[in-house]
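Peer 1: I have a structure I would like to understand better, so I am pasting it below and will then ask my questions one at a time.
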Amino acid sequence: MLSRIGEIQTPLPASQAMLIGLMAAIFVYARTLWNIVNHAETVVHEGAHALAGIVTGRRIRSVKINADGGGATIMAPDTGFGFGVAASAGYIGSSGAGLIAAGLISVGRIVAVLGLGLLLLVAMLLIVRNFFGLIVILICGALLYLIVRYTTTGVQTVIAYGVTWFLLISGPKVAARAARKPKDVTDAGILAGMTFLWPSAWCFLWLAGTIGALVVGGAILMGALDQAGYESTPGIHVWHSTSGELSTIEAIARYVQALGGTCSLSPTSPTTLTVTTTEAA
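According to the working numbering, the residues represented by the sequence shown are 24 to 304, in order.
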């Protein structure tokens, strides 16, 4: 399991990436489905608060994930610049995580996206302080573990894309909801009290940032196969790897076998490998 997380996988074509994105959008914008999966977004939201708090020298006292879709992160001290940074991190947390995941996918570290998700959930287990939050984190962690432990690389790739799209798409949805009622948003109120910006201004900044992340992250996912150095013409498939790592070569070999063709490795430089695959008739 751990070795697969460290391997390089082949990104999906743009058409398949788009299809997975559309499916993720259904989960985000279909009310019944969103009422279930929004708790996962809350975990990431509160996780972003906690991570930013730790980085800025705060001590995390507790995290709560509530049944109504909300949550809370209590830290000390709850004043100063570091606390402001932590307060601002929640509404861009999902989008930031989505951008990181998209970046990993673009370099072939696709299963590593799921591995990082597991690490986040383990960390959240240590600081969550309410029963509902504990159940949500355990369910999410169990699902991710079963996927990483028992499914094929192909299934894991689809799930990693789905998780990434979910993070990118849910960010603007949650930020837009906050922008509709900025006075009810605790984080915006905290930041308004610390700065010259109104709560509505902070909500607008979060919304703009999450939309930007969706555009950039979506472009990365749609072009991940090309960024990874894959080219295709009828019957001929060429992979250019600048890493020269054994895991890259193994990933290429699996791809060739999946095509049912033959391949030849030709070193074009000390750091570059070109793989040409001719599909069987």
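Cβ coordinates follow ideal geometry from the N, Cα and C atoms, glycine included.
Note that the coordinates shown come from a computational prediction; the quantities given were computed from them, not determined experimentally.
List the DSSP bridge partners of Lys87.
Peer 2: Position 64 of the sequence shown, counted from the first residue, corresponds to residue 87. Answer is Ala95.
Peer 1: Using alpha carbons as the reference points, say which of Thr233, Arg82, Gly103 lies closest to Gly216.
Peer 2: Counting from 1 along the sequence shown, the entry for residue 216 is found at position 193. Closest option to Gly216, Cα to Cα, is Gly103.
Peer 1: For the alpha helix (DSSP H) holding Gly138, just list the boundary residues, first then last.
Peer 2: Here the question's residue 138 lines up with position 115 in the sequence shown. Its alpha helix (DSSP H) spans residues 134-150.
Peer 1: With a CB to CB cut of under 8 Å and the five nearest residues on each side skipped, what residues in its chain are close to Gly246?
Peer 2: As a first step, residue 246 must be located in the sequence shown, where it is residue number 223. Only Ala37, Ser129 meet the Cβ criterion.
Peer 1: Relative to the C-alpha of Ala71, which residue among Ala40, Ala47, Phe106 is closest?
Peer 2: In the sequence shown, the residue the question calls residue 71 occupies position 48. Checking every option, the nearest Cα to that of Ala71 belongs to Phe106.
Peer 1: Given that a residue counts as buried once 16 or more other Cβ atoms are within 10 Å of its Cβ, and exposed if not, what is Ile160?
Peer 2: Counting from 1 along the sequence shown, the entry for residue 160 is found at position 137. Classification of Ile160: buried, given that the 10 Å Cβ count is 16 or more.
Peer 1: With DSSP run on the structure shown, which of helix, strand or coil describes Arg200?
Peer 2: Taking the first residue of the sequence shown as 1, we reach residue 200 at position 177. Reduced to three states, the DSSP call for Arg200 is helix.
Peer 1: Let me know if Arg82 comes out buried or exposed under the rule of 16 or more other beta-carbons within 10 Å of its beta-carbon.
Peer 2: Taking the sequence shown and counting its residues from 1, one reaches residue 82 at position 59. Burial call: exposed.
Peer 1: With a threshold of 6 Å on Cβ separation, who are the neighbours of Leu269 within its own chain once the five nearest residues in sequence on each side are excluded?
Peer 2: Numbered from its first residue, the sequence shown carries residue 269 at position 246. At Leu269, the pLDDT of 46 sits below 50, so the modelled position is not reliable and the matter cannot be decided from this model.
Peer 1: Determine whether the beta carbon atoms of Ser110 and Asp210 lie at a separation below 7 Å.
Peer 2: Working through the sequence shown from its first residue, we reach residue 110 at position 87. Working through the sequence shown from its first residue, we reach residue 210 at position 187. Note that residue 110 is Ala in the sequence shown, not Ser. Result yes, Cβ atoms of Ala110 and Asp210 sit closer than 7 Å.
Peer 1: So, do the region 183-196 and the region 42-60 have three or more beta carbon pairs nearer to each other than 8 Å?
Peer 2: Here the region 183-196 lies against the region 42-60, with 3 or more beta-carbon pairs under 8 Å apart.
Peer 1: Would you tell me roughly how many angstroms separate the C-alpha atoms of Thr176 and Gln32, rounded to the nearest one?
Peer 2: Working through the sequence shown from its first residue, we reach residue 176 at position 153. Working through the sequence shown from its first residue, we reach residue 32 at position 9. If you take the alpha carbons of Thr176 and Gln32, they lie about 8 Å apart.
Peer 1: Provide the residue span of the alpha helix (DSSP H) that contains Gly11, from first to last.
Peer 2: As displayed, the chain neither begins before 24 nor continues past 304, which places residue 11 out of reach and without an answer.
Peer 1: Measuring alpha carbon to alpha carbon, tell me which residue in Leu191, Pro222, Cys226, Arg200 is nearest Val239.
Peer 2: For the purposes of this step, residue 239 is taken as residue 216 along the sequence shown, with counting starting at 1. Answer by Cα proximity: Leu191.
Peer 1: Whole angstroms is fine: what's the gap from Ile133's alpha carbon to Pro34's?
Peer 2: The residue labelled residue 133 in the question sits at position 110 within the sequence shown. The residue labelled residue 34 in the question sits at position 11 within the sequence shown. For Ile133 and Pro34, the distance between alpha carbons rounds to 8 Å.
Peer 1: Which of the three DSSP states, helix, strand or coil, is assigned to Arg172?
Peer 2: For the purposes of this step, residue 172 is identified with residue 149 of the sequence shown, where counting begins at 1. Three-state DSSP puts Arg172 in a helix.
Peer 1: Hey, could you find the ends of the alpha helix (DSSP H) Trp57 is sitting in?
Peer 2: Numbered from 1 along the sequence shown, position 34 holds the residue referred to as residue 57. Trp57 -> alpha helix (DSSP H) spans 54-78.
Peer 1: Buried or exposed for Val279, going by 16 or more other Cβ atoms inside 10 Å?
Peer 2: Counting from one through the sequence shown, the residue named residue 279 turns up at place 256. For Val279, the predicted model reports a pLDDT of 49, less than 50, meaning its position is unreliable; a value from the coordinates is still stated below. Buried, by the Cβ-count rule.
Peer 1: Is the Cβ-Cβ distance between Gly113 and Thr187 less than 7 Å?
Peer 2: Position 90 of the sequence shown holds residue 113. Position 164 of the sequence shown holds residue 187. No.
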